[in-house]
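Enquirer: For the sequence shown, the UniProt record's numbering begins at 1 and goes up steadily by one.
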Amino acid sequence: MVLVDAPLALYRRYRPETFAEVIGQDHVTAPLRHALANNRVNHAYLFSGPRGCGKTTSARILARALNCEKAPISDPCGECQSCRDLARGGPGSIDVIEIDAASHGGVDDARDLRERAFFAPVSSRYKVYIIDEAHMVSPQGFNALLKLVEEPPPHLKFIFATTEPDKVIGTIRSRTHHYPFRLVPPKLLSDYMLQLCRSEDVGLEATALPLVVRAGGGSVRDSLSVLDQLLAGSGPDGITYDLAVQLLGYTPDSLLDEAVEAFAASDAATVFGVVDKVIESGQDPRRFAEDLLQRFRDLVILKAVPTAAETGLLETPADRTAVLMRQVAGFEPTELTRAADLVSTALTEFRGATAPRLMLELMCARILVPGADNSVEGFHARLDRLERRLSGAAPAPETVAAPPAAPAPTPAAAPAPQPTPQPAPAPSAPAATEDEPSGWGSTPEAPEPEAATPTPEPVEPAQPAAVAPTPEPQAAPAPSPEPAAAPGALTTADVRRMWPQVLERVQQLRRFTWVMLSQNAQVAALDGSTLTLALVNTGARDSFTKSGSDQIVQQALSDVMAVQWRIEAIVDPSATPAGTTATSAPAATPAPAPAAPTESRVPESVREALRQGPVPITRVDPDAGVDPDDPVVDDGSQDAEALLAEHLGAEVIDETPHGR
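In structure tokens form, the structure reads like this:
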């Protein structure tokens, strides 16, 4: 019976023989090739870097090129005796000595090396000492080699290879040319793995390749060892994803998908169900946390850079990218970074933990309950949910005038003077309407004092003033939803407080709607998911609905307050547009009274009452309470419709106040 030897390990069978075959170390191999071609080789080199990145292999290639019969040459020819002896699988050369400093790092070993180093090479040009794991040489051993490394004989070359260059004493490092090796990038390593699989005629699934590269950690030798293990255990289908997950101990994507989607939906039952599956299947809780952190990392990058898969920031297949895009839509950036921080912190707590399942469940509980986290990240996570619904800003000065929307029925008596503009009833009817603006006195002699002190001066209007509060309880159903609102729900007062910001957003979306709302409408009431806007006349209401402005308001409310409400428009002649002063505002805020006259700012109902009543126009102070900082500027020569036509090209079809 003939026994057939098993093939060598992959990292031995595919060990590079030239610098051109070394992957991921161009910053080292290119200068060395130039130095060899120019015959400017130093007497001592120090190769440092992580394990399995090509330090010892590069040292052998350098020794092979130095002793090549065609030297100086950048790459060994592979034909001469020295090149064949030092080739992959060759017997080796007596003039190239490899020393493991882990077992030969004492002072006696250094003295023995120093005595033999002065002998000339047997058959090669140079005698080369490759000292692997050089950081294991004791300080006494380095000191014994110091003089030899500093002034070696012409035929002697030293190559030190180490993973910890800081442990090599400075006097030795200062006499060498230091070349730092690096870990191989994942993309380059993936291509190299695929090339080897084709050479071995073994299939490799695209979803299994990232697991192999991740298990190798950027080390070529470690990656080849992992690939060799999977090749040995592969079946007719080659290396599959299930095989890689089971052998390498990674968490399946299906389990990670279930956990991440449950975190997005705050589904605690599903999250803790996943934890139970992890424990019951015998998986390592720490490995699950590491895989979950890797998934959150992918989601953080995808949230910040939606094109990460196309630009190469994420090494994921197309089908996995679609799944990640669906998952990232359920998170805010702060929630993702906070969850990743919590998982990263939990990984440090897993070290030496006696109850890993408990640690894993506590980690999941912290992610699920942002309210239990008093850190800055926790506050930001909660703000992501609340900042678009609640505003901590103080009410603007003009919002004080919003509550007087309650006395809506009082101006309804304004049309009363129209049928009876004759002697006695006319003054009494305007008195009922004038009591609300409180600057429109019935005595023509002193209009200005009335604006300063509206209540004490008129004696007769004292009776209507007492009568005026009586309709308020009947017209006050508007504030009634507020006491009945659930805790945390928005009220009409909240909407009025946020209305200036809503108008700013409306101005950005459509200027026509903004002009209409700022001059003709105010917030009337909020009932559940229906927001009622009061417009000053029927024409404004019809223009609002026919122009699709309700959709613009819905969009603005969604952008500013994160709500989806239905907009209902009603006609209320007493409606005070946002940004102007309410009819009763001068009593509460008398400071804006001395503003410059602007007739277009007077409410339409008051303007109509003055136009038809016996009170002369000269007695009217139409702009009492107008804010001088109001951005709407009107010279009094044009009304709102003319300004719309001039500046926006708009036309009001159904309502012309002067044509009634």
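Quick reminder that beta carbons are idealized off the backbone N, C-alpha and C, glycines included.
Are the CB atoms of V275 and C364 within a distance shorter than 8 Å?
Expert: Cβ distance < 8 Å, so C364 and V275 count as in contact.
Enquirer: Alpha carbon to alpha carbon, how far is Q195 from D267?
Expert: Distance between the alpha carbons of Q195 and D267: 44 Å.
Enquirer: Please tell me whether V220 and C53 are closer than 8 Å, where the distance is taken between their beta carbons.
Expert: Yes.
Enquirer: Exposed or buried, what is T453 when buried is set at 16 or more other beta-carbons lying within 10 Å of its beta-carbon?
Expert: Low local confidence applies: a pLDDT of 39 at T453 is under 50, so the model's placement there is unreliable, with the coordinate-based value given in what follows. The residue in question, T453, is exposed, as its Cβ has fewer than 16 Cβ neighbours within 10 Å.
Enquirer: Do the segment 552 to 572 and the segment 490 to 506 make contact, defined as three or more Cβ pairs closer than 8 Å?
Expert: At 8 Å Cβ cutoff, the stretches touch.
Enquirer: Ordered along the chain, which non-local residues of its own chain (more than five positions away) have a Cβ less than 7 Å from that of R295?
Expert: Counting only Cβ-Cβ distances below 7 Å, and skipping sequence neighbours, we find L256, V260.
Enquirer: Only counting the same chain, and skipping five residues up and downstream in sequence, which positions put a Cβ closer than 7 Å to that of L10?
Expert: Within the same chain, L10 has close Cβ partners L196, L224, L227, D228.
Enquirer: Identify whether Q522 lies in helix, strand or coil by the three-state DSSP scheme.
Expert: Q522: strand per DSSP, three-state reduction.
Enquirer: Using CA atoms only, rank isn't needed, just tell me which of E79, G249, D284, L113 is closest to P152.
Expert: With distances taken between Cα atoms, P152 lies closest to L113.
Enquirer: Which residues does DSSP pair with L156 in a beta bridge?
Expert: In DSSP, L156 forms a bridge with K127.
Enquirer: Report buried or exposed for A208, applying the criterion of at least 16 other Cβ atoms within 10 angstroms of its Cβ.
Expert: Its Cβ being crowded by 16 or more others within 10 Å, A208 is buried.
Enquirer: Roughly how many whole angstroms lie between the Cα atoms of I130 and N143?
Expert: Looking at the two C-alpha atoms, the distance is approximately 18 Å.
Enquirer: Count the other CB atoms within 10 Å of the CB of E133; is the residue buried (16 or more) or exposed (fewer)?
Expert: Its Cβ being crowded by 16 or more others within 10 Å, E133 is buried.
Enquirer: Rounding to the nearest angstrom, what Cα-Cα distance links G548 and T538 in this structure?
Expert: The alpha-carbon atoms of G548 and T538 are separated by roughly 16 Å.
Enquirer: What does the alpha-carbon distance come out to for the pair R51 and Q564?
Expert: C-alpha separation (whole angstroms): 58 Å.
Enquirer: Determine contact between the segment 68 to 87 and the segment 178 to 193, defined as no fewer than three beta-carbon pairs at a distance below 8 Å.
Expert: Not touching, per the Cβ criterion.
Enquirer: For L509, I'd like the list of residues in its chain whose CB is within less than 7 Å of its CB, leaving aside the five on either flank, ordered along the chain.
Expert: Only I552, Q555, A556 meet the Cβ criterion.
Enquirer: Return the chain-ordered list of same chain residues with a C-beta closer than 6 Å to the C-beta of E205, the five sequence neighbours on each side being excluded.
Expert: If we look at E205 and ignore the five residues flanking it on each side, its Cβ neighbours are T240, Y241.
Enquirer: List the DSSP bridge partners of Y45.
Expert: Answer is I159, H177, bridged to Y45.
Enquirer: Tell me the DSSP secondary structure of E335 in three-state form.
Expert: DSSP places E335 in helix when its eight states are reduced to three.
Enquirer: Skipping 5 residues on each side, what residues in its chain have a beta carbon closer than 7 Å to that of S323?
Expert: The amino acid at residue 323 is misidentified as Ser; the sequence shows Val. Cβ neighbours of V323 beyond the five flanking positions: D257.
Enquirer: Reducing DSSP to helix, strand and coil, say where G106 ends up.
Expert: Of the three classes helix, strand and coil, the one that applies to G106 here is coil, per DSSP.
Enquirer: State the beta-bridge partners of G235 as determined by DSSP.
Expert: Beta-bridge pairing links G235 to G238.
Enquirer: Within its chain, find whatever has a CB closer than 6 Å to the CB of P7; leave out the 5 residues flanking it on each side and keep chain order.
Expert: Correct list: empty, nothing qualifies.
Enquirer: Report buried or exposed for D351, applying the criterion of at least 16 other Cβ atoms within 10 angstroms of its Cβ.
Expert: The question names Asp, but residue 351 is Arg in the sequence shown. Answer is exposed; the Cβ neighbour count stays below 16.
Enquirer: Between L360 and P285, what straight-line distance do the alpha-carbon atoms span, to the nearest angstrom?
Expert: Answer to the nearest angstrom: the Cα atoms are 7 Å apart.
Enquirer: From R15 to E280, what distance separates their C-alpha atoms?
Expert: Roughly 42 Å separates the two Cα atoms.
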